[in-house]
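To start, the structure under review is shown below, and the notes come after it.
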């Protein structure tokens, strides 16, 4: 009987042990009150400081020096900056950069927006068509530039084989009045898939109940797009526009391969002028001054866009949702 009694008591004691192990007490309250340490961010800040902040500081330092790429940089004071103010090519290249930015935004934004909204819908064969459309994202900039340089060549490219459609003797890369539009066309083909992904992901996050209610109220597709889709994609449009703005101030490889700034100086944008000044003219001090100017202009324009469009209010709206 004693063994039976003890055996009967064991389940109770086991249940007590299990309840002790399963109850919220013990180690879990300590884990629940544990907050991530600021030391977790040290690797990220170290990476940012080593590969972003430090190079920017070095470029600022080089902008006050006279350095040809060899030896020790000689401090020249504000000589590079005074030259920057008086250099007419800097102003001309900035105007070309502005023209390229405006044209690229005006062409890429509506195309990427419409395709992104379409790709987010329940269309038939959407996955296959989207995969084909996003192929440019898999190609390098050099490959894209060389591809279109060959296709737009007036001697053996598409323009030679399709004279009836595109005009006989048309040479967009060799015509000073058409070269900037040819560059915009290639950049559009290259970057529209990326911006389309932004709009596609944002459009998929729009509640379907909004469209169902609009359909019940008798709203058509165009009216739904104007009253529901566009307002919901407002911040995505702003984000895409800022990325285009920053990209136009930093891209030069496509223009370098396509036209090398030509014909003449028709497509010599500011980043390309900075590159050729440093690596062709070996004036790294002056090229650094141009780089700092582009950095400041990019930061100012980004702040202007965020303030003018109310982009800063997006986080507060999300928190209140």
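Residue numbers (our numbering): 67 to 387. A virtual CB, placed ideally from N, CA and C, is assigned to each residue, including glycine.
Whole alpha helix (DSSP H) elements within the segment 122 to 196, 4-residue minimum: DSSP runs (the alpha helix (DSSP H)) wholly in the segment 122 to 196: 145 to 152 and 154 to 185.
Whole-number beta carbon distance between residue 306 and residue 178, since they are thought to touch under 8 Å: 7 Å
Cα-Cα separation, residue 292 to residue 140: Their Cα atoms are separated by approximately 59 Å.
Backbone CA spacing between residue 131 and residue 122 [nearest angstrom]: 15 Å
Test item: CB-CB of residue 252 and residue 320 under 9 Å: Yes; because the gap between Cβ atoms is below 9 Å, this pair is in contact.
Rounded C-alpha distance that separates residue 107 from residue 120: 18 Å
Any 3 or more C-beta pairs closer than 8 Å across the segment 190 to 204 and the segment 296 to 306: no
Buried versus exposed call for residue 182 [16 or more other C-beta atoms within 10 Å across all chains shown]: buried
Test item: CB-CB of residue 265 and residue 310 under 9 Å: no
Residue span of the alpha helix (DSSP H) that contains residue 111, given as start and end: 108 to 114
Nearest-angstrom beta carbon gap, residue 339 and residue 148 [assumed within contact, 8 Å]: No, residue 148 and residue 339 are not in contact; Cβ-Cβ is about 18 Å, not under 8 Å.
First and last residue of the uninterrupted alpha helix (DSSP H) at residue 239: Here residue 239 belongs to no alpha helix (DSSP H), and DSSP marks it neither H nor E.
DSSP three-state assignment for residue 274, whether helix, strand or coil: Here residue 274 sits in helix by DSSP.
Inter-residue Cα distance where the pair is residue 396 and residue 324: Only positions 67 to 387 of the chain appear in the structure, and residue 396 is not among them; the question remains open.
Residue 313, enclosing alpha helix (DSSP H) - first and last residue: 300 to 314
Cβ-Cβ separation, residue 357 to residue 125 (assumed contact under 8 Å), whole Å: 5 Å
Assumed close pair residue 186, residue 300 - CB separation to whole angstroms, cut-off 8 Å: Wrong, their Cβ atoms sit about 16 Å apart, outside the cutoff.
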